[in-house]
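Take a look at the structure set out below.
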Amino acid sequence: MLTPPGDPAPDSAGRRSGPAVTLDLRVPSNPAPRSPSWAGPAGEGDDPDAAPHVVLADRAGCGEFTVLQTMLRRLGVPSVRIDAEGVTALGLRVRPGEPSIVLSGRRIVPTVVWTRHFSPRAMPAGADPAVTMVRADSWTTLMAGLAALAPSALPGSRPDRLEQLATAARAGLRVPETIVTTDPAAAAREIQADRLVVKVVGEHFAETSPGLLVGVLPQIVTRRELQTRPAPGHPVIVQEYVDHDAELRVYHLGGTVHAYAVDKPSPDAPWRDEARVRVTQVPAPPAVVAAVRELAGRWNLTYGAFDLLVRGTEVVFLEVNPDGDWRWFEAAAGGTAVSAAAASMVRTLHLNALRDAGAPPPVEIVDFLLLGAPAPGGSR
1252 MLTPPGDPAP DSAGRRSGPA VTLDLRVPSN PAPRSPSWAG PAGEGDDPDA APHVVLADRA
1312 GCGEFTVLQT MLRRLGVPSV RIDAEGVTAL GLRVRPGEPS IVLSGRRIVP TVVWTRHFSP
1372 RAMPAGADPA VTMVRADSWT TLMAGLAALA PSALPGSRPD RLEQLATAAR AGLRVPETIV
1432 TTDPAAAARE IQADRLVVKV VGEHFAETSP GLLVGVLPQI VTRRELQTRP APGHPVIVQE
1492 YVDHDAELRV YHLGGTVHAY AVDKPSPDAP WRDEARVRVT QVPAPPAVVA AVRELAGRWN
1552 LTYGAFDLLV RGTEVVFLEV NPDGDWRWFE AAAGGTAVSA AAASMVRTLH LNALRDAGAP
1612 PPVEIVDFLL LGAPAPGGSR
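Numbering (the numbering used here), first residue to last: 1252 to 1631.
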């Protein structure tokens, strides 16, 4: 879920209008969006002693990096945040082959680059559509290049849903019987399940204009109902509905695993009926930890938000979102365990990039006191 910075409460995920779920993350043009946002020292543009920095690229309407940047500052890790909405105000100079870059007049050496929700559709639109497209493409391509050249880049790979399901099945996990098709009615006749799940192949939200997102959320339908629906005109995923004992949102952060049990009446309830959604932080079962680490390793995925079902001792894989938000789940359950784990992960990657002697020191209790969070209860 997308949440505004500084306010992770479930009821702040955006305004709704009509039957569709909409998220309004538009940033007022006056005052202009603030980007970049610095936390820690940085050298001037011609300073040969460039300061190592973590680079965070997101959109202004997301609160995850706001909290992460605060925690990194408390841990002594310099960072700079770039928001997609503020790219027109940025200055940049890069010499290929040199480790340092100049960003808005400050010279830094990127140690970790983490991009999430840095969508070209979120960037400001101009009067000329061609200029708008070139600007958006240039910035997203540039950020991808910086991530590729940095010592560490997050989240890692971005497997699509077809690859995810195929890999999970090869890894021995149960996946729902699935058909990707332009003819959902035919798929309903083929999958022998009373209830089916229909969801999009791509993103669950379509950004119709910068900052305005319309939800295309999973639906649970009966076979009979789906057989009467017209073809949508594009491929969709049709899956069997799997009865389960628990639904889990599981976060993988550099090998550390945190889990939340989610009890909701429908897939779109977090957006439509938040009061009926219950989120509880729970210890991740060993089988879940093993499955998440196995899949993250196969995908070279340092960070990922996994959606899983548990049925008895069986783990059922649904999907993983490399850009999955965590602040909404933290707020709903209480605590900042995932934020603290993210800060710990980024700190370790930052120290690795600095080539400290030997392995970076583990995060001690004092570090979590600095973060204002208890020592993590997730699996390590």
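No residue lacks a Cβ here, since even glycine has one placed at the ideal position from N, Cα and C.
- Assignment of alpha helix (DSSP H) within the region 1336-1417, counting only whole runs of 4 or more residues, yields 1380-1400 in chain order.
- Ranking V1305, I1352, F1369, P1279 by CA distance to the CA of C1313 puts F1369 first.
- For R1523 against V1272, the beta-carbon gap comes to about 6 Å, under 8 Å, which counts as contact.
- Judged by their CB atoms, T1553 and P1406 are nearer to each other than the 7 Å cut-off.
- For G1555, the three-state secondary structure derived from DSSP is strand.
- In the structure shown, the three-state DSSP call for P1303 is strand.
- Pairing A1335 with M1374 gives a Cβ-Cβ distance under 7 Å.
- E1441 carries a helical assignment under DSSP once its states are collapsed to helix, strand and coil.
- Here DSSP, grouped into helix, strand and coil, assigns S1460 to strand.
- Here the alpha carbons of V1465 and G1586 stand approximately 29 Å from one another.
- Per DSSP, reduced to three states, the secondary structure at H1601 is helical.
- V1431 and M1322 have their C-alpha atoms roughly 42 Å apart.
- L1600 counts as buried, since no fewer than 16 other beta carbons sit within 10 angstroms of its beta carbon.
- In this chain, the alpha helix (DSSP H) harbouring V1318 covers 1315-1325.
- Under the three-pair Cβ rule at 8 Å, the region 1432-1452 counts as touching the region 1480-1492.
- It is roughly 39 Å from the alpha-carbon of A1583 to the alpha-carbon of V1385.
- Note on E1581: 16 or more other CB atoms within 10 angstroms of its CB, so buried under the neighbour-count rule.
- Taking the CA atoms as reference points, S1408 sits about 11 Å from Q1415.
- Where W1289 is concerned, the enclosing beta strand (DSSP E) starts and stops at 1288-1290.
- Buried is the label assigned to T1391, since at least 16 other Cβ atoms lie within 10 Å of its Cβ.
- Beyond the five residues adjoining it in sequence on each side, P1410 comes within less than 6 Å, by CB distance, of W1550 in the same chain, given in chain order.
- The Cβ atoms of V1589 and V1363 do not sit closer than 7 Å to each other.
- Excluding its 5 nearest sequence neighbours in each direction, S1286 has C-beta neighbours in its own chain below 8 Å: A1311, R1332, I1333, D1334, E1336, G1337, V1338, A1340, L1341, listed in chain order.
- Runs of the beta strand (DSSP E) lying entirely within the region 1490-1569 and spanning at least 3 residues, in chain order: 1497-1504, 1507-1514, 1529-1533, 1554-1562.
- Judged by DSSP in its simplified three-state form, L1468 adopts coil rather than helix or strand.
- The shortest C-alpha to C-alpha distance from V1487 to any of G1327, R1412, W1365 is the one to R1412.
- V1306 is classed as buried because its beta carbon has at least 16 other beta carbons within 10 Å across all chains shown.
- Between the beta-carbon of K1515 and that of R1500 there is about 11 Å, and that puts the pair past the 8 Å contact cut.
- Counting along the chain, no beta strand (DSSP E) covers L1477; the unbroken alpha helix (DSSP H) around it starts and ends at 1474-1478.
- Beta-bridge pairing by DSSP links L1274 to L1464.
- Exclusion of the five residues before and after A1542 leaves L1424, V1566 as the residues of its chain whose Cβ lies within less than 6 Å of its Cβ.
- For V1449, the closest alpha carbon among the candidates P1303, A1512, V1467 is that of V1467.
- Between P1402 and the set I1442, P1371, P1350, A1378, the nearest pair of CA atoms involves P1350.
- Partner residues in the beta bridge of R1332, as assigned by DSSP, are S1288, L1307.
- When beta bridges are read from the DSSP output, L1424 appears opposite no residue.
- In this structure F1568 is in contact with V1426, their Cβ atoms being roughly 5 Å apart against a cut-off of 8 Å.
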